[in-house]
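To start, the structure under review is shown below, and the notes come after it.
Residue numbers (this note's numbering), protein chains in the order written: chain F, 1 to 316; chain V, 317 to 614.
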């Protein structure tokens, strides 16, 4: 286990390094001069040189990269080109929206997919099982943003149960209102993610049904359902853990689009705005944080899976 | 004559057509291609012609799916938008093919050091969400269809490489490749004559799923303003434009979303069907057990 953890940790560190280099280099491929872009067309060469120097753009790339990474370890992600505010502060503030949104989405996805996935596998061959399978397949093909629009029409416009857009200015000081604002966006991401997860749970359950230990348990007198629930489900759970990393990546990406649709002041909406404004130091910091988050979750998921799956432990 | 010709169809074609889902996939993809082709010469109305007095017409005649805020015919816009979808899917597919095959070949046919390095690189890159790649590209070069094509092409090329590489290595050690080498085929020719046809099934399946991702990504990125320019008919752009009138005219938003969802479903099912039809070692039960979990892109 320790050897595996170390090997996996090496891969994570390598991944973070490759990610940081890719982001750093790509954002410096900008055709033209960043300082020129900030200064505008009316800036004199002296002003542009001053901007260049202030941002450290006149130094060689490796030096700039080392400074950027050095800053990361001090919790300094750089400053916005437009407003001059530290990127880390703004990220921390926006995470108060995005993080609960992501957690709520994941919860909804799991609550939908696990019971319905197992059910659709156990009802295989019946109309209800087929309907669940087809429904999940169809729902997984829906663009998240469109799913959000349809839910807004039904729950905000027609029924008026939930707000269509926005997040309370007071933030989490009024938890009820804040949670209500996040509910519809989280349902949108959760339903689409859940549909994909449902198909996975269904196939993992079907696989478990065919295993010898489930058949043995059934032979010893348990009903098929009992055998599956008692002996098959732990294995289904393990399979679900393996795709959890992918799900979290999906939720991060979903949040970028959905925060835009629901006008939520989160990290995703901030990224979209900064990409639009070409605020490169900010985009650089945000992309690294989001990518690092996805990579670290993948790392944790792999370790947890390794730790709780007895077959994997023995193989080590 | 026709019966004999039908018999000569490769087995996997028949197997693909034999399943309802595979047939659905083939028909949907064919319809989208046909619509895109027809829209080049004919659409019910000029898709960009505005007709303000006739704005927000409901579905009926002559505007089958109604009109938008400036009186443009939604059905015509959707037909013309199919072209953008095809361009994006094919473009992303080409990039993914070239990148994926290059990485797979590097990871399977070169020296041990390069092979391992490529394997690790692929393992790392696979974790990058397509949308974040797209944002990175858009931040530098601005929004356009190229953002979609490159981000999905790169993101999926890595997937293609991961699946194709072991397959390539497996085939590499098979007898017929050895025989080819023994009878004097060079590495390059051996690759084309023996290796590629044998890894093609695995690779085409990935491509089909990758194109589904491309269609979704076009919708999402165009919605965020980093995809197709607003002047170009595209399902994603139409979705974004109609969204502004969501509360007053919810029905109109249904159509572009439906077009995207059905196309993506068709491509996903085509991929599933191809996988089951081309894998000779696949028994029916194992087919149930293997499901691909696509990435949420948009």
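C-beta atoms are modelled at their ideal positions from N, C-alpha and C, and glycine is treated no differently. Bear in mind that the values here come from a model prediction, so they are computed numbers and not experimental data.
Checklist entry - With which residues is residue 389 of chain V paired in a DSSP beta bridge? => result Answer by DSSP bridge pairing, in chain order: V:383.
Item to check | Outcome for residue 260 of chain F when other beta-carbon atoms lying within 10 angstroms are tallied against a minimum of 16 | outcome: By the 10 Å Cβ count, residue 260 of chain F comes out buried.
Item to check | Spatial distance of residue 68 of chain F from residue 541 of chain V (CA atoms) | outcome: Across the structure, residue 68 of chain F and residue 541 of chain V are spaced so that their CA atoms are roughly 29 Å apart.
Checklist entry - According to the neighbour-count rule (16 or more other Cβ atoms, all chains shown, within 10 Å of its Cβ), is residue 269 of chain F buried or exposed? => result Answer is buried; the Cβ neighbour count reaches 16.
Item to check | Completely contained alpha helix (DSSP H) runs for the segment 111-174 of chain F, where each covers 4 or more residues | outcome: Fully enclosed alpha helix (DSSP H) runs of 4 or longer: 127-139, 144-151.
Next on the checklist: Can you pull out the residues from the segment 432-451 of chain V whose beta carbon lies closer than 8 Å to at least one beta carbon of chain F?
Outcome noted: Within the segment 432-451 of chain V, contact with chain F at the beta-carbon level (separation under 8 Å) is assigned to 436, 437, 439, 440, 441, 443, 444, 445, 446, 447, 448, 451.
Checklist entry - Just checking my contact of residue 518 of chain V with residue 579 of chain V at CB under 8 Å: how many whole Å lie between their CB atoms? => result Incorrect: roughly 23 Å between the Cβ atoms, too far for contact.
Checklist entry - Hey, would you say residue 81 of chain F sits closer than 7 Å to residue 279 of chain F, going by beta carbons? => result For residue 81 of chain F and residue 279 of chain F, yes; Cβs fall inside 7 Å.
Item to check | residue 481 of chain V burial status per 10 Å Cβ neighbour count (16 or more: buried) | outcome: Only buried fits residue 481 of chain V, as 16 or more other CB atoms lie within 10 angstroms of its CB.
Item to check | Residues of its chain near residue 570 of chain V, where Cβ-Cβ distance is below 8 Å and the 5 sequence neighbours each way are ignored | outcome: Taken in chain order, the list of residues that qualify is empty.
Checklist entry - Okay, do the segment 379-399 of chain V and the segment 350-369 of chain V touch, 3+ Cβ pairs below 8 Å being the bar? => result Counting C-beta pairs with one atom in each stretch, the segment 379-399 of chain V and the segment 350-369 of chain V have three or more that are closer than 8 Å, which means they touch.
Checklist entry - Do the segment 116-133 of chain F and the segment 192-211 of chain F make contact, defined as three or more Cβ pairs closer than 8 Å? => result Taking 8 Å as the limit for Cβ pairs, the verdict is that the segment 192-211 of chain F does touch the segment 116-133 of chain F.
Checklist entry - Do residue 97 of chain F and residue 285 of chain F have their C-beta atoms closer together than 7 Å? => result Taking 7 Å as the Cβ cut-off, residue 97 of chain F and residue 285 of chain F do not qualify as a contacting pair.
Checklist entry - So, does the CB of residue 225 of chain F fall closer than 7 Å to a CB anywhere in chain V? => result No - not a single Cβ of chain V is within 7 Å of the one on residue 225 of chain F.
Next on the checklist: With a threshold of 8 Å, are at least 3 pairs of Cβ atoms found where one atom belongs to the segment 2-17 of chain F and the other to the segment 290-310 of chain F?
Outcome noted: Because the criterion of three Cβ pairs below 8 Å is met, the segment 2-17 of chain F and the segment 290-310 of chain F touch.
Checklist entry - Which class does residue 265 of chain F belong to by DSSP, given the choice of helix, strand or coil? => result Residue 265 of chain F: coil per DSSP, three-state reduction.
Next on the checklist: At the level of alpha carbons, what is the spacing between residue 242 of chain F and residue 139 of chain F?
Outcome noted: Their backbone Cα atoms lie some 22 Å apart in a straight line.
Checklist entry - At which residues does the alpha helix (DSSP H) containing residue 355 of chain V begin and terminate? => result That run of the alpha helix (DSSP H) goes 336-357.
Checklist entry - If you measure from the beta carbon of residue 127 of chain F to each beta carbon in chain V, is any gap under 7 Å? => result Not flagged as an interface residue toward chain V: residue 127 of chain F, since no C-beta distance is shorter than 7 Å.
Checklist entry - Based on Cα-Cα distance, which residue from F:212, F:224, F:262 lies nearest to residue 178 of chain F? => result Comparing Cα-Cα distances from residue 178 of chain F to each of F:212, F:224, F:262, the minimum goes to F:262.
Item to check | Three-state secondary structure (DSSP) of residue 86 of chain F | outcome: The three-state secondary structure of residue 86 of chain F, taken from DSSP, is strand.
Checklist entry - Does residue 584 of chain V have its Cβ less than 7 Å from a Cβ in chain F? => result Against chain F, the CB of residue 584 of chain V has a partner CB under 7 Å away; the residue lies at that interface.
Item to check | Own chain, CB closer than 6 Å to residue 585 of chain V, minus 5 neighbours either side, in chain order | outcome: Cβ within range, chain order: 337, 340, 341.
Checklist entry - Considering only the beta carbon of each residue, do residue 455 of chain V and residue 283 of chain F sit closer than 7 Å? => result With a cutoff of 7 Å on beta-carbon distance, residue 455 of chain V and residue 283 of chain F are scored as near each other.
Item to check | Pair within 7 Å by beta-carbon distance, residue 554 of chain V and residue 572 of chain V | outcome: Yes, they are a contact pair.
Checklist entry - For residue 59 of chain F, which three-state DSSP category applies? => result Secondary structure of residue 59 of chain F (DSSP, three-state): coil.
Checklist entry - Is residue 185 of chain F buried or exposed, if buried means 16 or more other CB atoms sit within 10 Å of its CB? => result Per the 10 Å Cβ criterion, buried.
Checklist entry - Does the beta-carbon distance from residue 109 of chain F to residue 445 of chain V come in below 7 Å? => result In this structure, residue 445 of chain V does not lie closer than 7 Å to residue 109 of chain F by Cβ.
Checklist entry - Closer than 7 Å, Cβ to any Cβ of chain F: which residues of the segment 546-561 of chain V, in chain order? => result Correct list: 555, 559.
Checklist entry - Beta-carbon separation of residue 149 of chain F and residue 562 of chain V under 7 Å? => result Between residue 149 of chain F and residue 562 of chain V, the C-beta gap is smaller than 7 Å, which places the two residues in contact.
Checklist entry - Thinking just about the alpha-carbon of each residue, which of V:441, V:449, V:489, V:525 is nearest to the one in residue 271 of chain F? => result Measuring from the Cα of residue 271 of chain F, the nearest candidate turns out to be V:449.
Item to check | Nearest candidate by alpha-carbon position, reference residue 57 of chain F, set F:73, F:83, F:25, F:85 | outcome: For residue 57 of chain F, the nearest C-alpha among the options comes from F:25.
Checklist entry - Between residue 427 of chain V and residue 534 of chain V, which are expected to be in contact by the criterion C-beta below 8 Å, what is the C-beta distance as a whole number of angstroms? => result Incorrect: roughly 39 Å between the Cβ atoms, too far for contact.
Next on the checklist: Looking at the strands, I want to know which residues DSSP matches up with residue 79 of chain F.
Outcome noted: Under the DSSP definition of a beta bridge, residue 79 of chain F partners with F:86.
Item to check | Rounded Cβ spacing between residue 577 of chain V and residue 142 of chain F (contact assumed at less than 8 Å) | outcome: Yes, they are in contact, since the Cβ atoms of residue 577 of chain V and residue 142 of chain F sit about 5 Å apart, within 8 Å.
Checklist entry - Hey, is residue 580 of chain V's beta-carbon within less than 7 Å of any beta-carbon in chain F? => result True, the Cβ-Cβ gap to chain F drops below 7 Å.
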